[in-house]
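The structure appears right after this line, and notes come after that.
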Amino acid sequence: MIGEVDMNKTLYRFLSFALMIGLLVLALKVINWIPLAFQQDAVRRYKTVEEVRAALNLKEIYVPSYFPQQISWPPSTILAQSKPFAAMLMEFTRADKRNTALIISQSEGTTLIVENPIEIREVTEKVQYPIKGRNAVLTVGFCRKEEPCCGITWTEGKYTMTVLMKSTPFELTKIVESMLR
């Protein structure tokens, strides 16, 4: 009889402990969710372009229809925000090396500031470049480790578009042309 009472107490304590752990986990999940609910418009990471479109109500998202074979689809990173201005940044990796090879930035305000894995450190040429009726600025040069890279910037409606790539301008312009209608 006494052993049965001790067993009931032990079972009661175990169930109480398990219930408290479950409630603690639930409380931590709710606490983690609260900032996301209030900061829906802040810079966040997304998994797909469709998720950005739905979450931030961005109707115009410019995505290339042409990708060179060495660039992997889907984007490896997608960052977006809607306040203080709408902005989206997509990073694409090389299919063989998994390092960033292409960045596409679309912004209503200043460019979305993040750590930039493609930075033109030495500019060899910067020219006005007409592309499908738009005035763009094409910048050609070298990135880190003397890799050739280039970038092109233009205005598309209310957005400033910037595309950076570790490659030649030929590949970059083909990608940009495929983004424009």
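Quick note on my numbering: the sequence shown kicks off at 75 and runs consecutively.
Glycine included, each C-beta is placed from N, C-alpha and C at the ideal position.
Nothing here was measured: the structure is a model prediction, and the numbers come from that model.
Item                                                                                                                                                                                 : Value
So Ala128 is in the beta strand (DSSP E); what residue range does that whole segment cover?                                                                                          : Segment 123 to 130 is the alpha helix (DSSP H) holding Ala128; no beta strand (DSSP E) there.
Note the first and the last residue of the continuous alpha helix (DSSP H) segment covering Glu245.                                                                                  : 243 to 253
Going by C-alpha distance, which of Ser146, Ile226, Ala129 is nearest Ala154?                                                                                                        : Ala129
Identify every run of the beta strand (DSSP E) within the region 143 to 209, keeping only runs that are complete inside it and at least 3 residues long; order them along the chain. : 151 to 155, 161 to 167, 174 to 181, 196 to 205
Quick one: is Cys217 near chain D, going by C-beta distance under 7 angstroms?                                                                                                       : Considering every chain present, this structure includes no chain D. It has just one protein chain.
With a threshold of 6 angstroms on Cβ separation, who are the neighbours of Ser181 within its own chain once the five nearest residues in sequence on each side are excluded?        : Ala161, Thr234
Roughly how many angstroms separate the alpha carbons of Arg118 and Leu163, rounded to a whole number?                                                                               : 10 angstroms
Taking the beta strand (DSSP E) that Tyr120 falls in, what are its first and last residues?                                                                                          : 118 to 120
Within the chosen definition, does the region 140 to 149 reach the region 164 to 174 through at least 3 CB pairs nearer than 8 angstroms?                                            : yes
So the beta strand (DSSP E) Tyr233 belongs to, where does it begin and stop?                                                                                                         : 233 to 239
For Phe166, count neighbouring C-beta atoms within 10 Å of its own C-beta (all shown protein chains included) and say buried if the count is 16 or more, exposed if not.             : buried
Can you check which of these residues, Lys240, Ser252, Ala101, is closest to Ile256 by C-alpha distance?                                                                             : This structure gives no information on residue 256, because the portion of the chain shown stretches from 75 to 255.
Taking its Cβ as the centre, do 16 or more other Cβ atoms sit within 10 Å of Pro158, making it buried, or is it exposed?                                                             : exposed
On the DSSP bridge assignment, give the partners of Phe216 in chain order.                                                                                                           : Glu196, Pro222
So what does Val211 bridge to, in DSSP terms?                                                                                                                                        : Gln202, Thr227
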